[in-house]
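Residue numbers (our numbering), protein chains in the order written: chain A, 1 to 252; chain B, 1001 to 1306.
A virtual CB, placed ideally from N, CA and C, is assigned to each residue, including glycine.
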């Protein structure tokens, strides 16, 4: 089985972002960047399938500026075999990302494409589903468990009522949720070794995909501030406060 | 042109989110509700009762439980609508982007405010920034956060029209793993009591449920509490779990990581109980009580029972 994993370089999830004063976006200069956390679970899932002898090759792809090489190297250090950076400094919407990935799928013919369920910068949660739609492949999103059964996959998904297990034939798209696995931190020798693995950098124009955005971002604003309230002194005071809040609710 | 709203349903009943989505979608045009699935006749009559619904389209097929089946149906209906709208739920998030790719449209998802037919607010960076976007596309595909809108009233009786679908599916549904219990729906509850990993065990986490029972509240949990196995995954509140907007949110032993706060920004009142007065959640709580949860929570349960 050949696996394609898509990864994105994002503002590190622990960074508290600041909205720029002119409303043009959030401050990303001099901010720590790393691999989107959900994508790490996708890479880990692929590496485990390789370790189990199921996957024979893992190709990792990222779309973005030159620095996105860093997250590809992280994936290679975790155990992926080969990297591809589709280089662009432009804002690339999710639909364009999915179209670019379709072009990569056409070149690479993977049996499985693994992605994180959402990127923690734009929080879109689109690309896996879009790619599945473009390719007419089945999709198993928000995966917390992946098993290879009879040449297909059984995937347990995190859904609103709990979990649901589905079976999909290959080729398929699977998007990773946080409880899929615990991603490894690559040991130093693996990090060194990653630098010698093949990593192709190709300009976005080579893929013949129109990446002109369809949506206009008019502005980016900070969320409304939540002012602090009362600090209470005892559980009894809190009981009284709760009782008054609840009677107010009942009056609504 | 009309708006098509995908009804959210589970176990043969309409989910409370749908009345909220209809209320939001009404701002965009006359609303048709699509009820798709198997054994959904009751869902259709419940949807027909929502104020503002012009028409309910109902289609029975097992294949519509899969994203490819549902998206096939939505694509076939899309010509007649200016907007196709779903809840930002597991189903909506699964279907709308797939549909968007099929129709070569860029969707706008997780909408929290509607400024006009093509202009919307959506949160990014776990709600730490709000993006205002506009679309010049001729059709809009949207998911809406139900928690950001008040539900439409009920009591009407819109006409119900059965339609046909030749939807086919390759995905096989094998099993549902549900969290047992008869608690209120976390996404729609007026009061939510939530606990963090500091409870230390699933047994002790039961204190959260006990307090919730006294209040008739739903139960929520942080990601860490779910990861530790103290609470099931469908109780998770936050950026990657449920986004909720109860009237009253009671956070016990929850420090208030960015990713958790992302899930409760719409809460009307926040109560925080924490032994650390410097915890981020204490700074935004309407009522903050510094104390040991194992001391405070039993006292709350006693006091509220009185």
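Identity of the residues DSSP links to residue 2 of chain A by a beta bridge: According to DSSP, which records beta bridges pairwise, residue 2 of chain A is partnered with A/57.
Contact list for residue 185 of chain A against chain B, beta-carbon separation under 7 Å: Contact of residue 185 of chain A with chain B by beta-carbon distance below 7 Å is absent, the smallest such distance being about 17 Å.
Beta carbon of residue 1301 of chain B nearer than 7 Å to that of residue 1210 of chain B: At a Cβ-Cβ threshold of 7 Å, residue 1301 of chain B and residue 1210 of chain B count as neighbours.
Proximal chain B residues relative to residue 154 of chain A, where beta-carbon distance stays under 7 Å: Per Cβ cutoff of 7 Å: 1174.
Whole-angstrom distance between residue 1192 of chain B and residue 1225 of chain B, CA atom to CA atom: Each residue's alpha carbon lies about 16 Å from the other.
Proximal chain B residues relative to residue 217 of chain A, where beta-carbon distance stays under 9 Å: Those within 9 Å of residue 217 of chain A in chain B are 1131, 1132, 1133 and 1134.
Distance between residue 110 of chain A and residue 118 of chain A (C-alpha atoms, nearest Å): Their backbone Cα atoms lie some 21 Å apart in a straight line.
Member of A/129, A/126, A/120 and A/125 whose CA lies at the smallest distance from the CA of residue 1125 of chain B: The option with the nearest alpha carbon to residue 1125 of chain B is A/120.
Members of the stretch 1162 to 1187 of chain B near chain A, C-beta cut-off 8 Å: Contact annotation: in the stretch 1162 to 1187 of chain B, residues whose CB is within less than 8 Å of a CB in chain A are 1170, 1171, 1172, 1173, 1174, 1175, 1176, 1177, 1178, 1179 and 1187.
Local conformation of residue 237 of chain A per DSSP, three classes: For residue 237 of chain A, the secondary structure class from DSSP, reduced to helix, strand or coil, is helix.
Contact test: residue 97 of chain A Cβ vs the ligand FMN heavy atom, cutoff 6 Å: As presented, the structure is devoid of all ligands, the ligand FMN included, so that no description of it is given.
Beta-carbon proximity list for residue 199 of chain A, same chain, < 8 Å, skipping 5 on both sides: Taking C-beta separations shorter than 8 Å and ignoring five residues to either side along the sequence, the partners of residue 199 of chain A in its chain run 69, 72, 73, 76, 82, 83, 84 and 85, following chain order.
C-beta neighbour in chain A for residue 1098 of chain B, strict 7 Å: Answer yes: the Cβ-Cβ gap between residue 1098 of chain B and chain A drops below 7 Å somewhere.
Closest Cα partner of residue 6 of chain A within the set A/201, A/29, A/42 and A/220: Looking at A/201, A/29, A/42 and A/220, the one whose alpha-carbon comes closest to that of residue 6 of chain A is A/42.
Interfacial residues, the stretch 1231 to 1243 of chain B to chain A, with Cβ spacing under 8 Å: The residues in question are 1232, 1233, 1234, 1239, 1240 and 1242.
Closest Cα partner of residue 144 of chain A within the set A/44, A/23 and A/16: The residue from A/44, A/23 and A/16 with its alpha-carbon nearest to that of residue 144 of chain A is A/44.
Euclidean distance between Cα positions of residue 1183 of chain B and residue 1 of chain A: Linking residue 1183 of chain B to residue 1 of chain A through their CA atoms gives a straight-line distance of about 44 Å.
Test: residue 1036 of chain B CB closer than 7 Å to a CB of chain A: No, residue 1036 of chain B lies away from the interface with chain A (no Cβ there is under 7 Å from its Cβ).
Extent of the continuous beta strand (DSSP E) run through residue 1121 of chain B: Looking at the DSSP string, the run of the beta strand (DSSP E) that includes residue 1121 of chain B is 1119 to 1124.
Alpha carbon of residue 1255 of chain B to alpha carbon of residue 1280 of chain B, nearest angstrom: Each residue's alpha carbon lies about 6 Å from the other.
Exposure label - residue 1181 of chain B; buried when at least 16 CB within 10 Å: Exposed, since its Cβ has fewer than 16 Cβ neighbours within 10 Å.
Bridge partners - residue 1131 of chain B, DSSP secondary structure assignment: Residue 1131 of chain B pairs with A/220 and B/1122.
Cutoff 7 Å: residue 1124 of chain B Cβ touching any chain A Cβ: Taking 7 Å as the threshold, the shortest C-beta distance from residue 1124 of chain B to chain A falls below it.
Three-pair Cβ contact test at 8 Å for the stretch 1279 to 1297 of chain B versus the stretch 1144 to 1151 of chain B: Under the three-pair Cβ rule at 8 Å, the stretch 1279 to 1297 of chain B does not count as touching the stretch 1144 to 1151 of chain B.
At least three beta-carbon pairs within less than 8 Å, the stretch 1006 to 1014 of chain B to the stretch 219 to 231 of chain A: They do not touch, by the three-pair rule.
contact_flag[the stretch 50 to 69 of chain A, the stretch 172 to 189 of chain A] where n(CB pairs < 8 Å) is 3 or more: Result no; under three Cβ-Cβ pairs closer than 8 Å.
Limits of the unbroken alpha helix (DSSP H) element including residue 116 of chain A: Residue 116 of chain A -> not in any alpha helix (DSSP H); beta strand (DSSP E) instead, spanning 112 to 116.
Environment of residue 234 of chain A [buried if 16+ CB atoms lie within 10 Å]: That one is exposed.
Extent of the continuous alpha helix (DSSP H) to which residue 1098 of chain B belongs: Per DSSP, residue 1098 of chain B belongs to the alpha helix (DSSP H) from 1090 to 1102.
Simplified DSSP assignment, three categories, for residue 67 of chain A: DSSP, read as helix, strand or coil, puts residue 67 of chain A in helix.
Exposure of residue 99 of chain A, with buried meaning 16 or more beta-carbon neighbours within 10 Å: Counting Cβ neighbours within 10 Å, residue 99 of chain A comes out buried, since at least 16 surround it.
CA nearest to the CA of residue 19 of chain A, picked from A/203, A/220, A/151 and A/216: Among A/203, A/220, A/151 and A/216, the Cα nearest to that of residue 19 of chain A is on A/220.
Residue 240 of chain A versus residue 1106 of chain B - alpha carbon distance: Taking the straight line from one Cα to the other gives about 50 Å.
Closer than 7 Å at the beta carbon, the chain A residues around residue 1101 of chain B: Chain-ordered, the chain A residues with CB closer than 7 Å to the CB of residue 1101 of chain B read 95, 98, 130, 133 and 134.
Backbone CA spacing between residue 1169 of chain B and residue 189 of chain A [nearest angstrom]: Taking the straight line joining both Cα atoms gives about 46 Å.
Separation of residue 236 of chain A from residue 1096 of chain B, as counted between CA atoms: Going from the Cα of residue 1096 of chain B to the Cα of residue 236 of chain A covers about 48 Å.
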